[in-house]
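Chains A and B, in that order, give the protein sequences. Per my numbering, residue 1123 is the first one in the first sequence, and the count goes up by one each step. Per my numbering, residue 1123 is the first one in the second sequence, and the count goes up by one each step. All C-beta atoms, glycine included, are put in the ideal place defined by N, C-alpha and C. Keep in mind that this is a model prediction, so the values were computed, not measured.
Protein chains: 2
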Amino acid sequence: MADLVYRQLLSTLKKQIVAGDYPNLKLPDERSLSEQYQVSRSTVKRALSILADQGIVFKKRGSGTFINPLYLKNDSVFHYNNGSNLGVTDSFQMNGRKPGISLLNFEVIRPQAELKRDLFLKNDDFVYEIKRLRLFDDEPFMIETGYIPIKIVPELSRKIVSGSIFNYLQNEKNQTVTKSYLTVSAEPSTAEDQEKLHLKANEPVGVMAGVFFLDDGTPFEYSRMRLHYKYMKYNTFVTLDD
Amino acid sequence: MADLVYRQLLSTLKKQIVAGDYPNLKLPDERSLSEQYQVSRSTVKRALSILADQGIVFKKRGSGTFINPLYLKNDSVFHYNNGSNLGVTDSFQMNGRKPGISLLNFEVIRPQAELKRDLFLKNDDFVYEIKRLRLFDDEPFMIETGYIPIKIVPELSRKIVSGSIFNYLQNEKNQTVTKSYLTVSAEPSTAEDQEKLHLKANEPVGVMAGVFFLDDGTPFEYSRMRLHYKYMKYNTFVTLDD
DNA sequence: CAGTGGTCTAGACCACACC
DNA sequence: GTGTGGTCTAGACCACTGT
């Protein structure tokens, strides 16, 4: 993966930017970079486009490519989830704390109409319903309810779902979850939220719900996550282009 | 803008997909499309990549390009904010309801250290502090506090900030806000939230806070938005690639 | 006008899926 | 092996910025 030319250039440039090799916040022009690294201009453009998508640089036609000053001030803003690697467990900030999973429920059910539609299921497809409490160092932070079609992983067991399902998929079946469609919102906490997440009556939960896809586009899981509000920080860098 | 070749192809394909012209959910291969529309394969790839980024299709090396079934079932999931056009006002769902603005406060202040850093300000730069209540049809849904460096728009007035600042920029100064870095979270409502947004004591607010950038990368505004929780639905389609 | 990023092309070769 | 998407190149021409 990392031996691709544009990946190499990308990582080289990123390192240089972080190291402060461009004190005037301006990168060399594309033709110079092409010459310097002995790659085509198209490849340079590809690397620079990714940097721009990630909000690390801004490209300005006619004048050049500039480093986003906010990206350097790294201790503050700018650690987005939008372009990183996940594992759901990992995409929340766990500053050195051990993630844990407590299995609350595990069974097979017949999906409701809406769920059937979202997971693109046929009439007689069944799904696992997996309800888990997730923790950091014994501190619960999220109640997660997931629905997975049995036909995709018919061998699921209590043991497997007590760990990371995404890791299981990756290691045992060589399938990766790389896309997701999520809705982020907020709600007052229910009695169950308050009990399981140690919330006061007036404290809310953050809700993230949606579908995770396998590489080939198969909808793999519908998941509804209710988070202790202090743990929900969803960061996005958005480019609006139309 | 729309006369670009890849844009044309993009919009043609999108229309065909929505119209159901590909009942087996598979697009023609890239070389055929290239031939059919008399454009280079690179241009085809460009259009298809955008469709993939938007979650409309999945590309599978070795087998083809497939339409995301969830994208067709349009009445349900899948109206994301992540790849659309904004105006902040518009990016929240306003089903035919008129957006309104009530100006709560408008003054010039000396920015705190953190704000100075986020907006990339020098020592003696001042900022406008603009606090506004936003409504749909007289129903308040958001308290918004924005900070804008006076050096960027020294002519700002109560009249201007009582309307859409982004529209003002676009129409009067030909500058566009196309990038933003936002953090989405949830909080218990304060007394002020409850009063202004008509919330009960146990009902929370959604919080969206972050920086909006001009086209050339200038940080233009730091904004903190506290939303009635029923109005916060932030949709994202995320691709994780490393 | 010179410098810089944006678009587009034509074609070579690679990597993976499926038969 | 054939088909399909992925990477990479070399080069032409356009559009915008700034002097």
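Which of the three DSSP states is assigned to residue i in this structure?
{"i": "Glu1157/A", "result": "helix"}
{"i": "Ile1282/A", "result": "helix"}
{"i": "Thr1275/B", "result": "Looking at the sequence provided, one finds Val at residue 1275/B rather than Thr. Residue state, collapsed to three classes: coil."}
{"i": "Leu1241/B", "result": "coil"}
{"i": "Tyr1351/A", "result": "helix"}
{"i": "Lys1167/B", "result": "helix"}
{"i": "Thr1300/B", "result": "strand"}
{"i": "Thr1134/A", "result": "helix"}
{"i": "Lys1182/B", "result": "strand"}
{"i": "Leu1367/A", "result": "Since the first residue shown for chain A is 1123 and the last is 1364, residue 1367/A is missing from the structure and cannot be characterised."}
{"i": "Pro1233/A", "result": "coil"}
{"i": "Leu1362/A", "result": "coil"}
{"i": "Leu1321/A", "result": "coil"}
{"i": "Arg1129/B", "result": "helix"}
{"i": "Asn1289/B", "result": "helix"}
{"i": "Tyr1344/A", "result": "strand"}
{"i": "Lys1295/B", "result": "helix"}
{"i": "Tyr1193/B", "result": "helix"}
Give the residues of chain A in contact with residue i, contact being defined as C-beta atoms less than 7 Å apart.
{"i": "Pro1341/B", "result": "Leu1192"}
{"i": "Met1354/B", "result": "Ser1307 and Ala1308"}
{"i": "Gly1222/B", "result": "Near Gly1222/B there are no residues of chain A at all, since even the closest Cβ is about 23 Å away, more than 7 Å."}
Can you give me the C-alpha to C-alpha distance between residue i and residue j, rounded to a whole angstrom?
{"i": "Pro1233/A", "j": "Val1329/A", "result": "21 Å"}
{"i": "Leu1135/A", "j": "Thr1298/A", "result": "28 Å"}
{"i": "Met1347/B", "j": "Ile1172/B", "result": "30 Å"}
{"i": "Ile1252/B", "j": "Gln1292/B", "result": "19 Å"}
{"i": "Ile1189/B", "j": "Pro1145/A", "result": "45 Å"}
{"i": "Arg1163/A", "j": "Thr1312/B", "result": "54 Å"}
{"i": "Val1306/B", "j": "Ser1284/B", "result": "25 Å"}
{"i": "Ala1174/A", "j": "Phe1334/B", "result": "15 Å"}
{"i": "Val1249/A", "j": "Tyr1269/A", "result": "6 Å"}
{"i": "Leu1132/B", "j": "Leu1194/B", "result": "17 Å"}
{"i": "Glu1317/B", "j": "Glu1317/A", "result": "28 Å"}
{"i": "Asn1207/B", "j": "Leu1362/A", "result": "Unreliable placement is indicated for Asn1207/B, whose pLDDT of 33 sits below 50; no coordinate value is reported for it."}
{"i": "Arg1219/A", "j": "Ala1169/A", "result": "34 Å"}
{"i": "Leu1336/B", "j": "Glu1314/A", "result": "44 Å"}
{"i": "Asn1324/A", "j": "Leu1147/B", "result": "47 Å"}
{"i": "Lys1352/A", "j": "Gln1138/B", "result": "44 Å"}
{"i": "Pro1310/B", "j": "Tyr1303/A", "result": "26 Å"}
{"i": "Asp1247/A", "j": "Pro1326/B", "result": "38 Å"}
{"i": "Ala1141/A", "j": "Pro1150/B", "result": "45 Å"}
{"i": "Lys1273/B", "j": "Phe1242/B", "result": "12 Å"}
{"i": "Lys1244/A", "j": "Ser1286/A", "result": "27 Å"}
{"i": "Lys1322/A", "j": "Asp1143/A", "result": "49 Å"}
{"i": "Gly1209/B", "j": "Ala1235/B", "result": "Because the pLDDT of Gly1209/B is 41, which lies under 50, any placement of that residue in the model is unreliable, and the number read from its coordinates should be weighed accordingly. Rounded to the nearest angstrom, the two C-alpha atoms are 28 Å apart."}
Among the options, which one has its Cα closest to the Cα of residue i?
{"i": "Phe1288/B", "options": "Leu1170/B, Leu1237/B and Ser1345/B", "result": "Ser1345/B"}
{"i": "Ser1224/B", "options": "Phe1263/B, Asp1246/B, Gly1186/B and Leu1241/B", "result": "Phe1263/B"}
{"i": "Lys1281/B", "options": "Ile1265/B, Arg1254/B and Asn1296/B", "result": "Arg1254/B"}
{"i": "Leu1237/A", "options": "Phe1228/A, Glu1294/A, Pro1271/A and Asp1315/A", "result": "Pro1271/A"}
{"i": "Lys1295/B", "options": "Ser1284/B, Pro1310/B, Leu1278/B and Val1306/B", "result": "Leu1278/B"}
{"i": "Lys1301/B", "options": "Ser1286/B, Glu1309/B, Phe1342/B and Pro1310/B", "result": "Phe1342/B"}
{"i": "Gly1186/B", "options": "Ile1231/A, Asp1338/A and Asp1247/A", "result": "Asp1338/A"}
{"i": "Pro1276/B", "options": "Ala1235/B, Val1230/B and Asp1240/B", "result": "Val1230/B"}
{"i": "Asn1227/B", "options": "Ile1265/B, Leu1243/B, Ala1331/B and Thr1361/B", "result": "Ile1265/B"}
{"i": "Asp1240/B", "options": "Ala1141/B, Ile1178/B, Ser1286/B and Ala1331/B", "result": "Ala1331/B"}
{"i": "Gly1119/A", "options": "Lys1137/A, Glu1157/A, Asp1143/A and Glu1152/A", "result": "Because chain A here runs from 1123 to 1364, residue 1119/A falls outside it and cannot be looked at."}
{"i": "Arg1129/A", "options": "Ala1141/A, Gly1142/A, Pro1150/A and Tyr1159/A", "result": "Tyr1159/A"}
{"i": "Phe1180/A", "options": "Pro1150/B, Tyr1356/B and Thr1340/B", "result": "Thr1340/B"}
{"i": "Ala1308/B", "options": "Ser1286/A, Lys1322/A and Tyr1356/A", "result": "Tyr1356/A"}
Only counting the same chain, and skipping five residues up and downstream in sequence, which positions put a Cβ closer than 8 Å to that of residue i?
{"i": "Gly1222/B", "result": "Arg1256, Leu1257, Phe1258, Asp1259 and Asp1260"}
Output, in chain order, the set of chain A residues within a Cβ distance shorter than 9 Å of residue i.
{"i": "Tyr1351/B", "result": "Ser1307, Ala1308, Glu1309, Pro1310 and Pro1326"}
{"i": "Lys1238/B", "result": "Within chain A, no residue comes near Lys1238/B; the closest Cβ sits about 11 Å away, beyond 9 Å."}
{"i": "Lys1148/B", "result": "The premise fails here: Lys1148/B is roughly 11 Å from chain A at the closest Cβ pair, so nothing lies under 9 Å."}
{"i": "Thr1182/B", "result": "The sequence as given places Lys at residue 1182/B; Thr does not occur at that position. Within 9 Å Cβ-Cβ: Asp1337, Asp1338 and Gly1339."}
{"i": "Ser1171/B", "result": "The premise fails here: Ser1171/B is roughly 10 Å from chain A at the closest Cβ pair, so nothing lies under 9 Å."}
{"i": "Asn1080/B", "result": "This structure leaves residue 1080/B out entirely; chain B is present only between 1123 and 1364."}
For residue i, is the beta carbon positioned less than 8 Å from some heavy atom of the ligand COA?
{"i": "Asp1151/A", "result": "As for the ligand COA, it is missing from this structure, which has no ligand bound."}
Looking only at its chain, what residues have a beta carbon closer than 6 Å to the beta carbon of residue i, apart from the 5 residues adjacent to it on each side?
{"i": "Leu1319/B", "result": "Pro1262 and His1350"}
{"i": "Leu1126/B", "result": "none"}
{"i": "Leu1155/A", "result": "Val1166"}
{"i": "Val1360/B", "result": "none"}
{"i": "Met1354/B", "result": "Gly1328"}
{"i": "Thr1267/B", "result": "Lys1253 and Arg1346"}
For residue i, which residues in the same chain have their Cβ closer than 7 Å to its Cβ, ignoring the five residues on either side in sequence?
{"i": "Lys1182/B", "result": "Phe1188"}
{"i": "Tyr1290/A", "result": "Ile1282"}
Please compile the residues from chain B whose C-beta is within a distance smaller than 9 Å of the C-beta of residue i.
{"i": "Ser1154/A", "result": "Under the 9 Å cutoff, chain B gives no residues; its nearest Cβ is about 20 Å from Ser1154/A."}
Could you tell me which chain B residues have their CB closer than 7 Å to the CB of residue i, listed as they occur along the chain?
{"i": "Ala1323/A", "result": "Asn1324"}
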